[in-house]
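In our numbering, the protein residues as written are 126 to 287.
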């Protein structure tokens, strides 16, 4: 995949998510941060180099998505429970199946988990002011660190949700 196609996919996914969250200012900030970090990481480290940037988890999970796309779903329950990390890899496989680059699909699933966690926090504090919501987001790791982890494509945002 070319770098320009990858960046176009980042933009398209980001714009779609901005449209879905058009009345949620905090989520829109998270999405804009995700777009920015995902773009900068891809430009700085390249499409291959970004898989090993920060940790080898990104490459490992992207390889799992590629393996599932190439060979199909396995019926081996042990593999799914021990290797695949179902809540993270399984949805990313569906996103990658529509043509999104596998690591970007994982990053997108991380973003969705982050946005879902943010939404749950906002529902727990429904009468909060903007300042209280921002403080809750910051202290619950859904602020900058969550956006950074989602931009890297780490499974931590999915684990935060569950």
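Ideal Cβ positions, reconstructed from N, Cα and C, are used throughout, including at glycine.
Residue span of the alpha helix (DSSP H) that contains residue i, given as start and end
{"i": "residue 186", "result": "182-196"}
{"i": "residue 289", "result": "Residue 289 is absent from the structure shown; the chain starts at 126 and stops at 287."}
{"i": "residue 207", "result": "Neither: residue 207 is in no alpha helix (DSSP H) and is coded neither H nor E."}
{"i": "residue 164", "result": "150-174"}
Nearest-angstrom Cβ-Cβ length linking residue i and residue j, presumed shorter than 8 Å
{"i": "residue 128", "j": "residue 194", "result": "Not really, about 21 Å apart at Cβ, beyond 8 Å."}
{"i": "residue 226", "j": "residue 152", "result": "Between residue 152 and residue 226 the Cβ distance is about 23 Å, and since that is not below 8 Å, they are no contact."}
{"i": "residue 243", "j": "residue 155", "result": "7 Å"}
For residue i, the three-state DSSP class (helix, strand or coil)
{"i": "residue 256", "result": "helix"}
{"i": "residue 223", "result": "coil"}
{"i": "residue 178", "result": "coil"}
{"i": "residue 146", "result": "coil"}
{"i": "residue 199", "result": "coil"}
{"i": "residue 129", "result": "helix"}
Cut-off 8 Å between Cβ atoms - residues of its own chain near residue i, not counting five sequence neighbours on either side
{"i": "residue 217", "result": "186, 190, 227, 230, 231, 233, 234"}
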